[in-house]
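Structure, as structure tokens:
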Amino acid sequence: MRHESRRMKRMARSHKRKKTSGMNLTSLMDVFTILVFFLLTNTSSNEALEPPKVITLPDSVVETKPRETVTLMVTNEEILVESNSVVATSEVLESEEIIIEAIKQAMIAEMGKAIGVAQASAEAEAEEAGTEGEVQPEPPEVNILADRGIPFSLLKKVMSSCTEAGYTKVSLAVIQKASQG
12 MRHESRRMKR
22 MARSHKRKKT
32 SGMNLTSLMD
42 VFTILVFFLL
52 TNTSSNEALE
62 PPKVITLPDS
72 VVETKPRETV
82 TLMVTNEEIL
92 VESNSVVATS
102 EVLESEEIII
112 EAIKQAMIAE
122 MGKAIGVAQA
132 SAEAEAEEAG
142 TEGEVQPEPP
152 EVNILADRGI
162 PFSLLKKVMS
172 SCTEAGYTKV
182 SLAVIQKASQ
192 G
């Protein structure tokens, strides 16, 4: 009998210990780690510009992805700089001027953002290359999203206005198709 009572005391002690122990969080932490990893990889992979539904971009087999820059959109109704309406498309088409002053002024107003992006890009490339010292920023650039049905004479005026505002790199956004090779 005495032997049984010791055994019962031991079982009671071990049962008390189990109740006082906390919740095991290892499985929960594993799930959260996987969730954080999934969110980080999927948010950083969305580098392409999303064109609005009113613009149908032309197709291309370009290999490089666009960098984050000032965005200028040309629709059938209006021209927008960073989603702010600047001038009506019909007004630009009717104009005899090669440089459209409204576009030029809007692009000059966005110059601070363009230079900041170019400076950050140059610093990141220098850090990646391991070089130190004075970093020369790249010239400001603009991405133009234009509907494939827009006449080239309009695009020429838009691009001329951007270069007159100081944007030396002008990129036209296209839809990337599979490469032919």
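Residue numbers for the sequence shown, in this note's numbering: 12 to 192. Just so it is clear, CB atoms sit at the ideal spot from N, CA and C, and this is done for glycine as well. Predicted model, so just to flag it, every value in this text is computed and none were measured.
Segment limits, alpha helix (DSSP H) that includes residue i
i    : result
S182 : It is not in any alpha helix (DSSP H) - S182 instead sits in the beta strand (DSSP E) that spans 180-183.
I119 : 112-120
L9   : Beyond the ends of the chain as shown, which are 12 and 192, falls residue 9; an answer cannot be given.
One or two residues paired with residue i in a DSSP bridge
i    : result
N53  : In the DSSP output, where bridge partners are listed per residue, N53 has none listed.
A157 : V85
I90  : V85, V98
Close Cβ partners of residue i (< 6 Å) along its chain, the five nearest in sequence each way excluded
i   : result
M84 : L91, L156
Endpoints, beta strand (DSSP E) assigned at residue i
i   : result
V85 : 81-85
V97 : 95-99
Proximity below 8 Å, CB of residue i to CB of residue j
i    : j    : result
I119 : V98  : no
L165 : V65  : no
E108 : T100 : no
M122 : P150 : no
Other residues of its chain near residue i: CB distance less than 8 Å, five sequence neighbours each side excluded
i    : result
V153 : T80, V81, T82, L83, M118, A125, C173, Y178, K180, V181, S182
Close-in-space but distant-in-sequence residues of the same chain around residue i (CB under 7 Å, 5 per side omitted)
i    : result
T31  : Its pLDDT being 49, under 50, T31 is placed unreliably by the model, and the measurement read from it follows with that caveat. So the list is empty, once near-sequence residues are dropped.
S171 : I109, I110
For residue i, the nearest candidate out of the options (CA to CA)
i    : options              : result
A176 : N95, E134, T37, I111 : I111
I161 : R24, T86, D41, T52   : T86
E93  : E105, P63, S106      : P63
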